[in-house]
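Numbering (the working numbering), first residue to last: 59 to 553. Okay, so here's the structure we're looking at.
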Ligand SMILES: Cc1cc2nc3c(=O)[nH]c(=O)nc-3n(C[C@H](O)[C@H](O)[C@H](O)COP(=O)(O)O)c2cc1C
């Protein structure tokens, strides 16, 4: 009797499924091919994983290929990352980048410690750091409490900063005592009055934490230019809702712009206000598209005096990541960091503001080669979000917006989050940074410079359409923008 059941129950289940498929009107494939049509959905679901583990070649997957991910996994586990036999990298395609080694490299014993950099020399509490690579903004909400604990403990151990993202400051950020950059998003979560205005009181409360070293005004981020932060309701737990000052389990959608910042002048006013209230360095984060407005910004800074300048600009490339964003914005809007970073650095140099305004670059700068490129182009610091997620064990399941992250990073499901042990993952964060810094140093010494910030555009060459390479210094020669200032002064005097 029982073996009969083994046959009849599955047959009846298949029969029911057949009837359901053929009668439903939502999916035409299932209506036409009842039961077997489900194979398509199963293949679609598992395809991501099959491609990642079996079919994709080492250097072809996006957003990050296996070669990049493996380097980070090995670096964060602090295991041997050397390879044998020869490079599998194709050096022929146009745009391929390589670095220029020196005939007489720097001997390791002559290498010097990365020099310290000071932010905000004109504010009450400047911030001096020796870090080079730091943890980019990811809010408590977009990532779990265990992920934040691991990142902040790792940041403390490695002597780097952690950006809070636009969800405000949580106890998990503060616990380890690492340096924090407090981000103010367009919804001002954590720093707002009940009617959504900027609260000086809350700014002062945040600034009172000694760990909070700087404030970052987030104008935009690479993955979604012109759109505010988006945290799906399923991830808005009561604790996250409390910190943000919003109702739980409802979508948390930030405005797409600060209502009080509509031009460069208002941006400087806002920055100056936050700096005066908090006494700490203040900068802004942006992804560039049209960058003509930066001329107006620089001219306004020169006009007001360099104290009025933002203490830093965090430049995110359009290839940047996110917890959730519309695909079209992600795919099509904004400039990649490869184009926008040289443009920003040239502009600041052209107005003689490069020393005053530190440049922090982000956008897939997660492996030593890309960090070297960014520093050679003129960045003072590199930020990474997803590099650190890989260090925490991210497998690129692409489910950050669904609360079902299998590695416990972008989910608040207690069972999934339990898989991420903050203490052991903090050690991985530490090793990732240290090995990244080490390998950047190895390239620097090979190029004949003793300190990463001495790299320049002559150290990077790019393959052109003729198959030969040219130095970046030739592609992006220095610009003198003094004439724009003179023109501005002349126009003012003519009036
Ligand atoms: C899960 C996740 C959450 C993020 N949350 C924020 C945020 O709150 N504020 C922000 O400015 N950027 C946010 N970002 C963007 C990152 O800070 C960073 O600018 C971008 O991912 C580029 O760095 P990467 O290529 O190293 O990931 C987030 C990115 C990820 C992956």
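Even glycine gets a Cβ: it sits at the ideal position worked out from N, Cα and C.
Item: Taking the beta carbon of residue 386 as the centre, do at least 16 other beta carbons fall within 10 Å, making it buried, or is it exposed?; Value: exposed
Item: Where do the ends of the beta strand (DSSP E) carrying residue 373 lie?; Value: 370-374
Item: Less than 7 Å separating the Cβ of residue 458 from some heavy atom of ligand 3?; Value: Summarising the ligand content, the structure contains ligand 1 and does not contain ligand 3.
Item: How would you call residue 162, buried or exposed, if buried means at least 16 neighbouring beta carbons within 10 angstroms?; Value: exposed
Item: Work out the CA separation of residue 222 and residue 236 for me, nearest whole Å.; Value: 11 Å
Item: Within the continuous alpha helix (DSSP H) that includes residue 258, where are the two ends?; Value: 258-265
Item: Going by C-alpha distance, which of 141, 121, 291 is nearest residue 388?; Value: 121
Item: Please state the DSSP three-state secondary structure of residue 220.; Value: strand
Item: In the segment 87-142, which residue ranges form an unbroken alpha helix (DSSP H) of at least 4 residues, counting only runs that do not cross its ends?; Value: 96-108, 124-135
Item: Excluding five sequence neighbours on each side, which residues of the same chain lie with their C-beta closer than 7 Å to the C-beta of residue 470?; Value: 202, 293, 295, 461
Item: Inspect the beta-carbon positions of residue 282 and residue 384 and report whether they are closer than 8 Å.; Value: yes
Item: Can you determine whether any heavy atom of ligand 1 sits closer than 7 Å to the C-beta of residue 443, and answer yes or no?; Value: yes
Item: Check this for me: beta carbons of residue 219 and residue 187, under 8 Å apart or not?; Value: yes
Item: From this set, 497, 418, 399, which residue's C-alpha is nearest residue 175's C-alpha?; Value: 418
Item: Distance check for residue 253 and residue 244, CA to CA, integer angstroms please.; Value: 13 Å
Item: Please confirm whether any heavy atom of ligand 1 lies closer than 7 Å to the CB of residue 451.; Value: no
Item: Using 8 Å for Cβ pairs, my map puts residue 332 next to residue 369. What's the rounded Cβ distance?; Value: Not really, about 11 Å apart at Cβ, beyond 8 Å.
Item: I want to check one thing, is the minimum distance from the CB of residue 428 to the heavy atoms of ligand 1 below 7 Å?; Value: no
Item: Looking at ligand 1, does it come within less than 7 Å of residue 387, judged from the CB to the closest heavy atom?; Value: no
Item: Going straight from the alpha carbon of residue 135 to that of residue 479, what length do you get?; Value: 14 Å
Item: How would you write the range of the alpha helix (DSSP H) that residue 499 sits in, first residue to last?; Value: 480-505
Item: Could you please give me the residues that DSSP links to residue 240 through a beta bridge?; Value: 273
Item: Does residue 493 pass the burial test, meaning 16 or more other C-beta atoms within 10 Å, or should it be called exposed?; Value: buried
Item: Look at the alpha carbon of residue 290 and the alpha carbon of residue 70, and state the distance between them as a whole number of angstroms.; Value: 38 Å
Item: At the level of alpha carbons, what is the spacing between residue 422 and residue 91?; Value: 42 Å
Item: Closer than 7 Å: is that where the CB of residue 326 sits relative to any heavy atom of ligand 1?; Value: no
Item: Would you identify the three-state DSSP class for residue 198, choosing helix, strand or coil?; Value: strand
Item: Measure from the alpha carbon of residue 308 to the alpha carbon of each residue in 314, 315, 316, 299, then state which is nearest.; Value: 299
Item: For residue 366, which three-state DSSP category applies?; Value: helix
Item: Terminal residues of the continuous beta strand (DSSP E) containing residue 518?; Value: 518-521
Item: Would you mind sorting residue 408 into buried or exposed? The rule is 16 or more other CB atoms within 10 Å of its CB.; Value: buried
Item: If I follow the unbroken beta strand (DSSP E) through residue 417, where does it start and stop?; Value: 416-420
Item: Once the 5 residues before and after residue 360 are set aside, which same chain residues still bring their CB inside 7 Å of it?; Value: 409, 543
Item: Are the segment 348-357 and the segment 205-220 in contact at 8 Å, needing three or more beta carbon pairs?; Value: no
Item: Candidates 317, 303, 117, 173: which alpha carbon is nearest residue 149's?; Value: 117
Item: Checking the sheet assignment: what are the DSSP bridge partners for residue 156?; Value: 519
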